[in-house]
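Okay, structure first, notes after.
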Amino acid sequence: MNIFKYIFSIPKTILINFKIFPIKTAIKLPILVGYNLKIGEIHKNSIIINSPISRFMIKINITEGSEGVNFSYLKNGYLKVSKNSKIIFNGKADFAIGTAIRVEKEGIISFGSRFNCNKNCFFACDKNIIFGNNVLLGWNVNIRDCDGHKIFKNSRMINCDKEVVIGNNVWVGANVDILKGSQIPNNCIIGYRSCITKMFYEENCVIAGYPASILQKDVNWEI
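Taking the numbering used here, I'd label the letters of the sequence shown as residues 11 to 233.
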């Protein structure tokens, strides 16, 4: 990381940690945020860490991401956690530049340990999004448990929010959309530019397509 970016990020990092956490936690500076991260909304205790605390264990809008991927739709990054909403971290996490995280209503988004996402990923949570451990996202991944606007038929809302669950050791390729009601089992790979719209149950699979389906079974992956 560029040393000047690191230095410029320290003041905002200190402010964010003391705004969110109790003093005992805040002085350890568990979250490192980029100096140009835009904060839409944040509250005391809106972020919870359920693991041993270490300095800068969570990085937001700091890491540059993959070399050669120079475009950024939201260079500053964005973080919004509305009142009564939560982000839960169960270990270390790294969100590259351009990441946007929006948690509203009474939504809860939970990240497992060793979470890593590349540039320009977008998370929209109004209900519940759950990530297991060792999840890797490519660039421009869009994950949401909501539609953004209400749709009515005969005066009844027909597009309720639905939970999204992503298991352990999952690799999601670039430009993937994971929409409400989706489930990705452990040890799966999601192919480039796929769209996940439903629940999958079989582990160790390659899932790809628009909409997605299982293409290969009994596979494993590693970095």
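Each residue gets a CB set at the ideal place from its N, CA and C atoms; glycine is no exception.
**Message:** Can you list, in chain order, the residues of its chain with a C-beta nearer than 7 Å to that of Ala36? Leave out the 5 residues immediately preceding and following it.
**Reply:** Asn27 and Phe28
**Item:** Among Phe133, Glu114 and Ile58, nearest to Asn100 - alpha-carbon criterion
**Value:** Ile58
**Those runs of the beta strand (DSSP E) which lie wholly inside the region 97-154 and span at least 3 residues** = 103-105, 110-113, 118-121, 125-127, 132-135, 138-141 and 152-154
**Request:** State the Cα-Cα distance for the pair Val43 and Ile72, rounded to the nearest angstrom.
**Result:** 6 Å
**Asked** With a CB to CB cut of under 7 Å and the five nearest residues on each side skipped, what residues in its chain are close to Pro2?
**Response** No answer is possible for residue 2: the residues shown for the chain start at 11 and end at 233.
**Prompt:** In chain order, which beta strand (DSSP E) runs of at least 3 residues are fully inside the region 25-55?
**Reply:** 41-43 and 48-51
**Prompt:** Is DSSP giving Phe18 helix, strand or coil here?
**Reply:** helix
**Item:** Closest Cα partner of Asn179 within the set Val145, Ile13 and Leu25
**Value:** Val145
**Bridge partner(s) assigned by DSSP for Cys205** = Asp187
**Item:** Glu173 beta carbon near the ligand SAM (any heavy atom closer than 7 Å)
**Value:** The ligand SAM is not part of the structure shown, which contains no ligands of any sort.
**Message:** I'd like the span of the beta strand (DSSP E) that includes Val91, first residue to last.
**Reply:** Tyr88 to Val91
**Item:** Alpha-carbon to alpha-carbon, Ile118 and Ile139
**Value:** 7 Å
**Prompt:** Which residues in the same chain have their Cβ closer than 8 Å to the Cβ of Ser95, if we skip the five residues on either side of it in sequence?
**Reply:** Ser56, Val113, Glu114, Lys115, Glu116, Gly117, Ile118 and Cys135
**Asked** Grouping DSSP H, G and I as helix and E and B as strand, with all else coil, what is Ile13?
**Response** helix
**Asked** How close, in whole Å, do the beta carbons of Leu189 and Thr207 come, if the pair is a contact with beta carbons under 8 Å?
**Response** 5 Å
**Item:** Arg154, buried or exposed, once every other Cβ within 10 Å from all chains shown has been counted against 16
**Value:** buried
**Message:** Measuring only the C-alpha atoms, how far is Asp104 from Ile30?
**Reply:** 18 Å
**Request:** Quick one: give me the first and last residue of the beta strand (DSSP E) that Ser223 is part of.
**Result:** Ala222 to Lys227
**Item:** Between the CA atoms of Asp228 and Lys32 - distance to the nearest angstrom
**Value:** Note that residue 32 is Pro in the sequence shown, not Lys. Taking the straight line joining both Cα atoms gives about 46 Å.
**Item:** For Gly219: DSSP bridge partner residues
**Value:** Ala222
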